[in-house]
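The next block holds one structure in the form of structure tokens; read it before the comments.
Number of protein chains: 2
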Amino acid sequence: MSSATSRVSTAPSSPDLHPVLGFSQLNMASGATTPERPSSPISFPASPLPSGKHKIAVIGSGSWGTALAKIAAENALRHPSRFHSEVRLWVRERQVNGKKLTDVINKTHMNQRYLPDVPLPENLVATPKLTDVVKDATVIIMVTPHQFLHTVISELQRVPGTITPGARCVSAIKGVEVEGTNISTFASLIEKELGTPCSALSGANIALEVAQGQFCETTIGCPSAEDAKIWHAVFDAPSFRVNTVEDVNGVSLSGALKNVVALAAGMVDGLRLGGNTKAAILRIGLQEMTNFTLEFFDGVQPGTFSNESAGIADLITTCYGGRNRKCAEEFVKSGHSFEEIERRLLNGQKLQGTATAEEVNRFLTARGCADRYPLFEKVFKISFEGLPPAELVKGL
Amino acid sequence: MSSATSRVSTAPSSPDLHPVLGFSQLNMASGATTPERPSSPISFPASPLPSGKHKIAVIGSGSWGTALAKIAAENALRHPSRFHSEVRLWVRERQVNGKKLTDVINKTHMNQRYLPDVPLPENLVATPKLTDVVKDATVIIMVTPHQFLHTVISELQRVPGTITPGARCVSAIKGVEVEGTNISTFASLIEKELGTPCSALSGANIALEVAQGQFCETTIGCPSAEDAKIWHAVFDAPSFRVNTVEDVNGVSLSGALKNVVALAAGMVDGLRLGGNTKAAILRIGLQEMTNFTLEFFDGVQPGTFSNESAGIADLITTCYGGRNRKCAEEFVKSGHSFEEIERRLLNGQKLQGTATAEEVNRFLTARGCADRYPLFEKVFKISFEGLPPAELVKGL
């Protein structure tokens, strides 16, 4: 993989991870004037999905990974004819009060660090070695922090045959990745690097609320009907309703771009404007998210944004809660820079929204079409170029 | 007009008006098994719109009527080649501290009762006599409380020739009207009774915020391109962006049905569920609003709901603010009946959401398809039949 790779992710970060990277190496002068358009569904012939019972592996044990693993493990028990009961969860080994973390999780059936006080099913087994986690697995849930994805992929690629032929992946890692002038999703990256068809899962899914069994919905974009069937069985539950769509790219991009709109929503709150203005900003933001994805990705359905949990529902949750909204409100009220607000409120971590806004703007400017995305452009200019926040809503 | 007419409206009500009526006389046994479907655009040949400058009349001077009149009067000055500068506003005469209300408004250029402290343009003239208001008017804005609409229409019908031939109307009265087994919109009622093409205006438009010039958007459903052009000129302003669509019925219905979804949103808040669940409820509610309107009305475009201010934006505003949401939260937390909550919090006025939920349910039940609208059905059963609120999100 290229070293000129950078990422913007919306996956929940934990304090000890590296700050989210921007698309800092985005190099519009690299010579590619007609960037590749990622295609959906996948462009290589996939091996057939193995028959018989499926074995589920979960790579990533942060709050979102553990919540998804909980649901998958419960469903493995619910559908014993379709799944092996044991579901393996990759946990990076470390010592906790003199004990191995995997032992603690497997004994207490809790992941106290990332999902406090939520009991996990006993058939969910924390496993320290990545190759043990994916051994014989036919359905693999990728939910690492995006910073670790390349390392994980390299590890999985090191020994040929590590991934079961015909296995399927799903990415619950939100965000997009830029290499030179190309934008691609993590689902397409996984698909390309591991040679497995990769679906994308996204929705209005705050991890703790999901783990507590509060009713919610999610969307899975799947490259084939067969993939849709398997992922529906892995995840759908009475309190976690799954809708599958064909639009893998739309599901992936909605999760990345919503954070730019959440900054705009926070600015509206900071300006003390009312509900009319905020609702207008969400509506315009959803349009720009849709249009951007349609313009730069293949196989995109506008309905993914207007009708699905990954689109409108996740946007609403993010614009009424969440730290992008909150920091943008503080940005307007305090007059401080985002850098300072990040240092003060986020312990130095970088906001996903500002990183995405910056790189989307650079990307659009290089293509000469930033003016077709006036809200994205204004959020960038207010955040980084000193445009007064009150200009946000003028001339939209 | 039939005495078996009842209404559900979402127009702002003032304390001295009658409580909002439910569809109390909805009589499914009236014999009509195949109800009329209102058509859009209009089904009669309209007289041509008069040429030359247009004269604007506004019928209704509550907060929303006054806010719209302010915008129209400002635009009349902004486009002197298209409009007569004087815009007449119908104000029911009464005495205020020994003075005529119309004199007070015309002297102070404020409507202190309904739009306190908002200066009105001097070319907006409060006029007590309805026939004087519409005399020579070619564009007529109907924004009365729905309870008075029939009286207003009768008064306008009394003397033939009161309405200028070829005049156009727009209804900013939200809600639907039921006669027997038929549902119709106020726009179609006005169109039928006055013989004028009638557009419909709706959006995320809290009146006071609009009048204060806070940025917002609105949607106008227009039966022809000519109507769209004239209404765009009457209303579009830098802080009040108008989008015109062909879907008159979708614009009308979105404003009525959103209040049922707002009850569900308030119940979620009352149950202390989080952002995931609330966003899921909004998404499902928007789907049911769209499907209901598609099923029972002609000319409906799903995009009116998913893309327009009248749809998604107004729904968001209503589900995060507004009294339907608030009273439903209180309903769940207190365990009291809506009747009691209305008495306590609304001074006896009836909520629009509960009235609409009740009648929509009766309507759907009679047609044997309530099960296709599970959210509408649950809101009704929780509100009126003792279903526990926690059942709201089960099995959706």
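Taken in order, these protein sequences are the chains called A and B.
All the letters of the first sequence, read from the start, carry residue numbers 1 to 396 under this note's numbering.
All the letters of the second sequence, read from the start, carry residue numbers 1001 to 1396 under this note's numbering.
Glycine is no exception: its CB is placed at the ideal position from the N, C-alpha and C atoms.
Proximity below 7 Å, CB of residue i to CB of residue j
i              : j              : result
residue 1088/B : residue 1133/B : yes
residue 303/A  : residue 254/A  : no
residue 1171/B : residue 1198/B : yes
residue 143/A  : residue 213/A  : no
residue 77/A   : residue 91/A   : no
residue 300/A  : residue 371/A  : no
residue 1163/B : residue 1194/B : yes
residue 259/A  : residue 352/A  : yes
residue 206/A  : residue 242/A  : no
residue 313/A  : residue 1283/B : yes
residue 375/A  : residue 288/A  : yes
residue 73/A   : residue 121/A  : yes
residue 1215/B : residue 393/A  : yes
residue 1292/B : residue 1249/B : no
residue 1049/B : residue 1166/B : yes
residue 1345/B : residue 1315/B : no
residue 324/A  : residue 273/A  : no
residue 354/A  : residue 331/A  : no
residue 57/A   : residue 137/A  : yes
Chain B contact for residue i (CB, 7 Å cutoff)
i             : result
residue 205/A : yes
residue 75/A  : no
residue 348/A : no
residue 11/A  : Bear in mind that a pLDDT of 37 at residue 11/A, under 50, signals an unreliable position, so the number given afterwards is only what the model happens to contain. For residue 11/A, the answer is no, since every Cβ of chain B falls outside 7 Å of its Cβ.
residue 393/A : yes
residue 276/A : yes
residue 117/A : no
residue 39/A  : The pLDDT assigned to residue 39/A is 42, lower than 50, so where the model puts this residue is not dependable; a value taken from the coordinates is nonetheless given after this. No, its Cβ sits nowhere closer than 7 Å to a Cβ of chain B.
residue 43/A  : For residue 43/A, the predicted model reports a pLDDT of 48, less than 50, meaning its position is unreliable; a value from the coordinates is still stated below. No, residue 43/A lies away from the interface with chain B (no Cβ there is under 7 Å from its Cβ).
residue 417/A : Any property of residue 417/A remains undetermined from this structure, which presents chain A solely from 1 to 396.
residue 24/A  : Reliability fails at residue 24/A, whose pLDDT of 27 lies under 50, so the model's placement of it is uncertain and no value is given.
Cutoff 7 Å: residue i Cβ touching any chain A Cβ
i              : result
residue 1312/B : yes
residue 1344/B : no
residue 1021/B : At residue 1021/B, the pLDDT of 27 sits below 50, so the modelled position is not reliable; the number obtained from the coordinates is stated separately. No - not a single Cβ of chain A is within 7 Å of the one on residue 1021/B.
residue 1283/B : yes
residue 1016/B : For residue 1016/B, the predicted structure reports a pLDDT of 30, less than 50, and the residue's modelled location is therefore unreliable. The matter cannot be settled from this model.
residue 1106/B : no
residue 1306/B : yes
residue 1066/B : no
residue 1388/B : no
residue 1273/B : yes
residue 1069/B : no
residue 1072/B : no
residue 1279/B : yes
Residue of the options minimising C-alpha distance to residue i
i              : options                           : result
residue 1239/B : 1209/B, 1056/B and 1201/B         : 1209/B
residue 1061/B : 1079/B, 1052/B, 1053/B and 1130/B : 1130/B
residue 1360/B : 1204/B, 1378/B and 1343/B         : 1378/B
residue 267/A  : 231/A, 207/A and 380/A            : 380/A
residue 112/A  : 159/A, 81/A and 63/A              : 63/A
residue 1373/B : 1069/B, 1294/B, 1098/B and 1166/B : 1294/B
residue 1279/B : 368/A, 188/A and 321/A            : 321/A
residue 1275/B : 69/A, 329/A, 319/A and 244/A      : 319/A
The ligand ATP heavy atom lying under 6 Å from the CB of residue i
i              : result
residue 1189/B : Because no ligand of any kind appears in the structure shown, any question about the ligand ATP cannot be addressed here.
Interface residues of the stretch 208 to 222 of chain A facing chain B [CB-CB below 7 Å]: 209, 210, 214, 215, 216 and 217
Residues of the stretch 1255 to 1266 of chain B whose Cβ lies closer than 9 Å to any Cβ of chain A, in chain order: none
Near-chain A residues of the stretch 1081 to 1104 of chain B (beta-carbon distance less than 9 Å), N- to C-terminal order: none
Complete alpha helix (DSSP H) runs within the stretch 285 to 372 of chain A (minimum length 4 residues, chain order): 302 to 307, 314 to 320, 323 to 334, 338 to 345 and 352 to 366
Segments assigned alpha helix (DSSP H), at least 4 residues, entirely inside the stretch 1209 to 1297 of chain B: 1225 to 1235, 1248 to 1270 and 1275 to 1296
Completely contained alpha helix (DSSP H) runs for the stretch 1092 to 1130 of chain B, where each covers 4 or more residues: 1101 to 1108
Within 8 Å of chain A by C-beta, residues of the stretch 1314 to 1329 of chain B in sequence order: 1314, 1316, 1317, 1320 and 1321
Where the stretch 1226 to 1247 of chain B meets chain A: residues whose CB sits under 9 Å from a CB there: 1238, 1239 and 1241
Under 9 Å (Cβ pairs) to chain B, residues found in the stretch 350 to 362 of chain A: none
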